[in-house]
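Q: Structure below; questions to follow.
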Amino acid sequence: MDLQSTARPIRITCARGLAGWLEQEVETLGLAVEDRDDSGVEVSGTLADAMRLNLHLRTAMYVLCLLDEFTCLSADDLYRRTSFVPWEALLDPDGYFSVMAHVDSPAISNDMFAAVRVKDAVVDRMAEVVGRRPDSGPQRDRAVVNVYWRGDTCRLYLNTSGRKLADRGYRRMPHKAPMQETLAAGVILATGYDGREPLVNPMCGSGTLAIEAALIAAGRPPGLLRDNFGFMHVRGFDEPIWQRLRQEARKRSVPSVPGRIIATDIDERAIAAARQNARTAGVDQLIDFAVCDFAETTIPQGPGVVVLNPEYGQRMGVESRLESEYARVGDFFKQRCGGYRGYIFTGNPGLAKKVGLRARRRLPFFNARIECRLLEYELYAGSRRKPDL
Ligand SMILES: C[S@@+](CC[C@H](N)C(=O)[O-])C[C@H]1O[C@@H](n2cnc3c(N)ncnc32)[C@H](O)[C@@H]1O
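Numbering-wise (my numbering), the sequence shown opens with residue 643 and increments by one.
Following this line, the structure appears as structure tokens:
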């Protein structure tokens, strides 16, 4: 099986709500999107394309190269068809691999069972053809095979990412309720921020939005931060191509940007964590951190972007405290952020109403299973603002 020089279908998965941003990113990289659904997009490409996608994509979860697709009606079909794949061309017989299975079929009720059948088929074939077999287990830090079996169709993929791409490696100190890195990147892309104007992020928590904004502004692909991907553990991994892709990406990124990024939080432990995370991500020089109430955050001359992710707890009691916080965010936008585009990311539409401003756009996102909105407000500069009645 030649993944190096023959283009094959590649499925790029993402968290729900991010597929539109993912599609834009993929097209910007020059690959044609052939299909898109809620959980990802499809393109065609070689293993080198997969490496480039792993390096650059900000909103993707996994980059999966299709190995085989077949009709599958039973666990025996799964075993038999999996053993037709020339695994010896992909896996090191002395290495290690892991299988991730997602099954939605009446034939079996258990993802684990499907994963075990695929693992058995792989190792049995390797033992027969090569005389040795790789170890296998739950660790995703080496070769990874993904199985999607829905209805009577089963697809086997080589997971070229390994661990999910949201794990950039910079967030060693997560603090409270951190946003997943891929979601934060999607939110920043949705604001249109490109580093030419200031970006202000009060209530920054562990700094994920500010750090993703800095990576975007500096043109720094998130994959430069990681030193381990699934494709590195596949036979024939072309290290020189990977090093060239990294070098080109480094050359294109810039050390400074015209628009400052300001990130604040009332909790000094959050700022300590955010600072450390930004340092690990190599973008601390692009972000000014401060400990303060959000309403005291320094706002540079606009135009610019101000984005907040306040808590949106739905427990009784918490909600009434948050209602007044959301109302204060509305006042802050009106009184301090004239000339900016204001954004609030929240999973609680009731609280969002307390902001007291009319949202120009309400962009849908999901934070884990919670349906959220990124609310966009146009905050007119002084003279254009209607007087409060
Ligand atoms: C939902 S978390 C933000 C998480 C962040 N997006 C991340 O990825 O880590 C909300 C943050 O708001 C902060 N916060 C709450 N009330 C605040 C206030 N009045 N002023 C400033 N920060 C506040 C909390 O300390 C917390 O870090």
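All C-beta atoms, glycine included, are put in the ideal place defined by N, C-alpha and C.
Cβ of I941 less than 8 Å from any chain B Cβ?
A: In the structure shown, chain B cannot be found, because there is only a single protein chain.
Q: Could you check whether the Cβ of A1010 sits closer than 7 Å to any heavy atom belonging to ligand 1?
A: no
Q: Output the distance between the C-alpha atoms of R813 and A769, rounded to the nearest integer angstrom.
A: 40 Å
Q: For ligand 1, I want to know if C979 counts as a neighbour, meaning its beta carbon is within less than 7 Å of at least one of the ligand's heavy atoms.
A: Taking non-hydrogen atoms of ligand 1 into account, the C-beta of C979 is found less than 7 Å away from none of them.
Q: Which residues in the same chain have their Cβ closer than 8 Å to the Cβ of R774, if we skip the five residues on either side of it in sequence?
A: P735, D736 and M768
Q: Do the CB positions of V899 and G837 come within less than 8 Å of each other?
A: Yes, the Cβ-Cβ distance between V899 and G837 is below 8 Å.
Q: Specify, as a first and last residue, the run of the beta strand (DSSP E) that Y985 falls within.
A: Y982 to T988
Q: Does the Cβ of F726 have 16 or more other Cβ atoms within 10 Å, making it buried, or fewer, making it exposed?
A: Counting Cβ neighbours within 10 Å, F726 comes out exposed, since fewer than 16 surround it.
Q: Are V683 and L664 close, meaning C-beta to C-beta below 8 Å?
A: yes
Q: Do I986 and L950 have their beta-carbon atoms positioned less than 8 Å apart in this structure?
A: Yes, the Cβ-Cβ distance between L950 and I986 is below 8 Å.
Q: Enumerate in chain order the residues of its own chain whose CB-to-CB distance from F871 is below 7 Å, with the five nearest sequence positions on each side excluded.
A: Same-chain partners within the cutoff: N696, T802, S803 and G804.
Q: So, with DSSP's three-state summary, where would you put S711?
A: It is Glu, not Ser, that sits at residue 711 in the sequence shown. The answer is strand: DSSP assigns E711 an E or B state.
Q: Go ahead and label V960 buried or exposed: buried means 16 or more other beta carbons lie within 10 angstroms of its beta carbon, across all protein chains shown.
A: exposed
Q: Inspect the CB distances between the region 652-663 and the region 1002-1014 and report whether three or more fall short of 8 Å.
A: The way I'd put it, the region 652-663 does touch the region 1002-1014; three or more beta-carbon pairs between them come closer than 8 Å.
Q: Any idea if S740 is buried or exposed, counting beta-carbon neighbours within 10 angstroms, 16 or more meaning buried?
A: buried
Q: As an exercise, report each continuous alpha helix (DSSP H) stretch of at least 4 residues that is fully enclosed by the region 733-814, in chain order.
A: You should have 753-771.
Q: Look at the alpha carbon of A912 and the alpha carbon of T940, and state the distance between them as a whole number of angstroms.
A: 18 Å
Q: Could you give the DSSP three-state label for Y721: helix, strand or coil?
A: helix
Q: Compare the beta carbon distance of V997 and V971 with 8 Å and say whether it is the shorter of the two.
A: yes
Q: What does the alpha-carbon distance come out to for the pair L1035 and A1001?
A: The shown model of the chain, from 643 to 1031, leaves out residue 1035, and the question about it has no answer.
Q: So who's on the other strand from A915, going by DSSP bridges?
A: Per DSSP, none; premise fails for A915.
Q: Between L928 and A856, how many whole angstroms is the CB-CB distance? I'm expecting something under 8 Å.
A: 4 Å
Q: Is the region 849-864 close to the region 664-675, with three or more CB pairs under 8 Å?
A: Output reads no: the region 664-675 does not touch the region 849-864.
Q: Cutting at 8 Å between CB atoms, please list the residues of its own chain near A994, excluding the five before and the five after it.
A: Y968, I986, T988, A1001, R1015 and L1017
Q: Once DSSP output is grouped into helix, strand and coil, what is the label at L699?
A: coil
Q: Output needed for L1031: all residues of its chain with C-beta closer than 8 Å, excluding positions within five of it in sequence on either side, in chain order.
A: Any reading at L1031 must be qualified, since the residue scores a pLDDT of 41, below 50, and its modelled position is unreliable; the value itself is stated next. No residues qualify anywhere along the chain.
Q: Compute the beta-carbon to beta-carbon distance between L708 and R650, rounded to the nearest angstrom, for a pair I have assumed lies under 8 Å.
A: Correct: roughly 6 Å between the Cβ atoms.
Q: Compare the beta carbon distance of C846 and A905 with 8 Å and say whether it is the shorter of the two.
A: yes
Q: Whose C-beta lies closer than 7 Å to the C-beta of G1041 among residues of the same chain, with five residues either side of it excluded?
A: Nothing in the structure corresponds to residue 1041, since the chain is present only between 643 and 1031.
Q: Whole angstroms is fine: what's the gap from R1027's alpha carbon to Q977's?
A: Its pLDDT being 45, under 50, R1027 is placed unreliably in this model, and the coordinates cannot settle the point.
Q: Select from N919, L800 and N752 the residue whose C-alpha is nearest the C-alpha of S848.
A: N919
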